[in-house]
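Residue numbers (my numbering), protein chains in the order written: chain A, 1 to 324; chain B, 1001 to 1325.
Each residue gets a CB set at the ideal place from its N, CA and C atoms; glycine is no exception.
Structure record follows, encoded as structure tokens.
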């Protein structure tokens, strides 16, 4: 089966994916999406493309049947420009790692981990009880609101209840099985959920209904002590409104793993936002790595390989997003 | 009946629970223990001492019948300096807070959280980003967590850790039934069999003869070279020299230390927690013995202390008796 691993990520992981396949493919690798000289003949032949990017300017792919994203998010696949009859699949395996990140950053903000460690490294016992330090918070008894109650949201809910948190969620489509959440709101009623939350987790995918969803008005519905955790996509939150709320302490703090702008080869240390989030003491920030664990890699490349094997054997595919 | 609240923490406790104490109780508050040396009558007629410590040089307190510790550990209370027949009770309410601290540092160590977020904040480094070529970090799922001292804190840790899909082992001085999600509870004498299996060892034990210096050079060498050590118990449960060497030389992976071998004193208020510069090691999360110091803990602990004083005054059985002199 002619399989093209397309883009930097897919090309890099190709050996690991192929190593896990039982039906060995006729594989080609192309890391540089702008290399039209090589992209054109590669796409003419490919029956399967593994990659998470599809652009309107891509050359024709007459034999293509399967576009297997190497990511969970497919927001970089331009659906209208895909040929007809293509099945688009995505891949997961990152849920446990991201759920761990969510609990870790919620705890770190609530327990003031970073300030405490920095001060103590500098020799200050100020946070020590006999020194008269003020106590920190607990997540016990807090309300955790999850925006986007999918695989990640459910894993977070499961862990959250173990800490004695109340879990509520909001989701685009109706949810039959509430899992560990005590209440599920339709997305249209998000405004009723927000004022209850001590922690708001954005775990939704980027879609027309979620783009800019957490804007200045909705941020103002949240408690001034509330924490915002974003591991979904940056554009779900309004960049200027969030910066303004955090810098004016109209929110308690945030942990941000996803960003409005990324590095480029010309600007490898590019800051992730137009605004200096990195100067705010109440913000924890990571470079889109919350799900990037050795465990995720194992689960994900294993799942991806299994789906390519299924396709080769003509079996039903897993994780179908859409068929064009 | 009279209660003496001695020291900072006890003074805060007195102010927090005053309204809940029976009207017949006389309350004397000495936030600074030095005051007791100057006015020994403070101790002379006290029936109840609420404090985290008692020293041999303090004036006699012949009427004492209850010492209500404001902490869980009673290692600062010199039992030999107390009259006979005193009940020593400790206080809890910190289990929730400390369990949260342990899970937080357990996650932060596996996820290289402080290192990754520090680089990103300080230098805008995308080195560890998902779609770049950086090395992935760790996760706790599928890892093995060993809890040494399976008491109240240990159980709360196990309860939370179970939701993360970790394998949980424990070791305890006295025999325990296996709790929720714990695969096995070893007797402390078999700790050496548990240590090599652990990706993280969390010390939740009290300080006593069996646990002083428990984690020494030999036991550290039984741990995996990647393993993390979390200590919320007491500094002296670990051999100071051995653990500094192990962390500096990376014969273990890292640590989160909340408790120390030395503390600030009136003469040296900025004294470091150790003779060694643990604060300079990038693989060590250091905090100033505040893992249990939350507003929720304070409220729960005050409630317990007030309840025990009421019980004592009514002649009812006490909670949390550790020992009697």
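Inter-stretch contact at 8 Å, needing at least 3 Cβ pairs: the stretch 81 to 97 of chain A / the stretch 62 to 69 of chain A: Contact between the stretch 81 to 97 of chain A and the stretch 62 to 69 of chain A is present, because at least three Cβ pairs lie under 8 Å.
Cβ contact (3+ pairs, closer than 8 Å) linking the stretch 1199 to 1218 of chain B and the stretch 1151 to 1164 of chain B: These segments touch.
Straight-line Cα distance separating residue 156 of chain A from residue 240 of chain A: Within the model, the alpha-carbon separation for residue 240 of chain A versus residue 156 of chain A is close to 27 Å.
Cutoff 8 Å; reference residue 18 of chain A; Cβ partners in own chain excluding five residues on either side: By the criterion of a C-beta distance shorter than 8 Å, residue 18 of chain A is surrounded in its chain by 24, 25, 27 and 305, once the five residues flanking it on both sides are discounted.
Contact with chain B by residue 151 of chain A, beta-carbon distance below 9 Å: Output row for residue 151 of chain A: interface = no.
Three-state class that DSSP yields for residue 285 of chain A in the structure shown: Per DSSP, reduced to three states, the secondary structure at residue 285 of chain A is strand.
Nearest-angstrom Cβ-Cβ length linking residue 167 of chain A and residue 182 of chain A, presumed shorter than 8 Å: Contact between residue 167 of chain A and residue 182 of chain A holds, with the beta-carbon distance rounding to 6 Å and staying under 8 Å.
Extent of the continuous alpha helix (DSSP H) to which residue 1240 of chain B belongs: Looking at the DSSP string, the run of the alpha helix (DSSP H) that includes residue 1240 of chain B is 1240 to 1248.
CB contact below 9 Å: residue 1008 of chain B versus chain A: True, the Cβ-Cβ gap to chain A drops below 9 Å.
Nearest candidate by alpha-carbon position, reference residue 1294 of chain B, set B/1100, B/1306, B/1319 and B/1324: Among B/1100, B/1306, B/1319 and B/1324, the Cα nearest to that of residue 1294 of chain B is on B/1100.
Contacts of residue 15 of chain A in chain B (Cβ-Cβ under 7 Å): In chain order: nothing, as chain B lies at least about 14 Å away.
Residue 1189 of chain B burial status per 10 Å Cβ neighbour count (16 or more: buried): Around the beta-carbon of residue 1189 of chain B, fewer than 16 other beta-carbon atoms lie within 10 Å, marking it exposed.
C-alpha gap between residue 287 of chain A and residue 113 of chain A, whole angstroms: Distance between the alpha carbons of residue 287 of chain A and residue 113 of chain A: 19 Å.
Proximity below 9 Å, CB of residue 1083 of chain B to CB of residue 1059 of chain B: Not a contact, by the Cβ cut-off of 9 Å.
Closest by C-alpha distance to residue 69 of chain A, when choosing among A/57, A/101 and A/3: Measuring C-alpha to C-alpha distances from residue 69 of chain A to each of A/57, A/101 and A/3 identifies A/3 as the nearest.
Test item: CB-CB of residue 213 of chain A and residue 253 of chain A under 9 Å: In this structure, residue 213 of chain A keeps its C-beta atom at 9 Å or more from the C-beta atom of residue 253 of chain A.
Top-ranked residue by Cα proximity to residue 34 of chain A, from A/14, A/58 and A/13: It is A/58.
Reduced DSSP category for residue 1097 of chain B - H, G, I as helix; E, B as strand; rest coil: Here residue 1097 of chain B sits in helix by DSSP.
Length of the line joining the Cα atoms of residue 118 of chain A and residue 1120 of chain B: Looking at the two C-alpha atoms, the distance is approximately 16 Å.
Proximal residues to residue 1008 of chain B (C-beta, below 7 Å), its chain only, five neighbours per side dropped: If we look at residue 1008 of chain B and ignore the five residues flanking it on each side, its Cβ neighbours are 1031.
Exposure label - residue 1265 of chain B; buried when at least 16 CB within 10 Å: Exposed is the call here.
Near-chain B residues of the stretch 144 to 174 of chain A (beta-carbon distance less than 7 Å), N- to C-terminal order: Of all residues in the stretch 144 to 174 of chain A, 158, 159, 162 and 163 have a Cβ within less than 7 Å of some Cβ in chain B.
Where residue 325 of chain A sits in the DSSP three-state scheme: Given that chain A is displayed from residue 1 to residue 324, the structure contains no residue 325 of chain A and the question cannot be resolved.
Distance, residue 1077 of chain B Cα to residue 1212 of chain B Cα: Each residue's Cα considered, the two are about 17 Å apart.
Members of the stretch 1040 to 1066 of chain B that neighbour chain A once the beta carbon cut-off is set at 9 Å: In summary, the residues of the stretch 1040 to 1066 of chain B whose CB is separated from some CB of chain A by less than 9 Å are 1052, in the order they occur in the chain.
Three or more C-beta pairs below 8 Å linking the stretch 88 to 108 of chain A and the stretch 315 to 322 of chain A: Yes, since at least three Cβ pairs between the stretch 88 to 108 of chain A and the stretch 315 to 322 of chain A fall closer than 8 Å, the two stretches touch.
Neighbourhood of residue 331 of chain A by C-beta distance below 6 Å, restricted to the same chain and skipping five residues each side: No statement about residue 331 of chain A is possible, as the shown extent of chain A runs from 1 to 324 and does not include it.
Under 9 Å from the C-beta of residue 269 of chain A: neighbouring residues of chain B: Ordered by position in chain B, the residues that pass the 9 Å Cβ test against residue 269 of chain A are 1123, 1124, 1125 and 1126.
The stretch 257 to 275 of chain A in contact with the stretch 30 to 44 of chain A per 3-pair CB rule at 8 Å: Contact between the stretch 257 to 275 of chain A and the stretch 30 to 44 of chain A is absent, because fewer than three Cβ pairs lie under 8 Å.
Within 9 Å, strictly: CB atoms of residue 13 of chain A and residue 52 of chain A: For residue 13 of chain A and residue 52 of chain A, no; Cβs fall outside 9 Å.
Chain-order list of residues whose beta-carbon lies under 7 Å from that of residue 1138 of chain B (same chain, five-residue window excluded): Beyond the five residues adjoining it in sequence on each side, residue 1138 of chain B comes within less than 7 Å, by CB distance, of 1110 and 1111 in the same chain, given in chain order.
Against chain B: residues of the stretch 93 to 120 of chain A by CB proximity under 7 Å: If the cut-off is 7 Å between Cβ atoms, the stretch 93 to 120 of chain A has 96, 97, 100, 101, 103, 104, 107, 108, 111, 113, 116, 117 and 120 near chain B.
Inter-stretch contact (C-beta, 8 Å, three-pair minimum) for the stretch 1093 to 1107 of chain B and the stretch 256 to 268 of chain A: No contact exists between the stretch 1093 to 1107 of chain B and the stretch 256 to 268 of chain A.
Residue 1260 of chain B CB to nearest heavy atom of the ligand NAD below 8 Å: Ligands are entirely absent from the displayed structure, and the ligand NAD is therefore not among its contents.
Residues near residue 1010 of chain B by beta carbon distance below 6 Å, same chain, minus five either side: In the same chain as residue 1010 of chain B, and ignoring 5 residues on each side of it, the C-beta atoms closer than 6 Å to its own belong to 1050, 1051 and 1070, in chain order.
Residue 173 of chain A classed as buried or exposed, judged by whether at least 16 other C-beta atoms fall within 10 angstroms: The residue is exposed, with fewer than 16 neighbouring Cβ atoms inside 10 Å.
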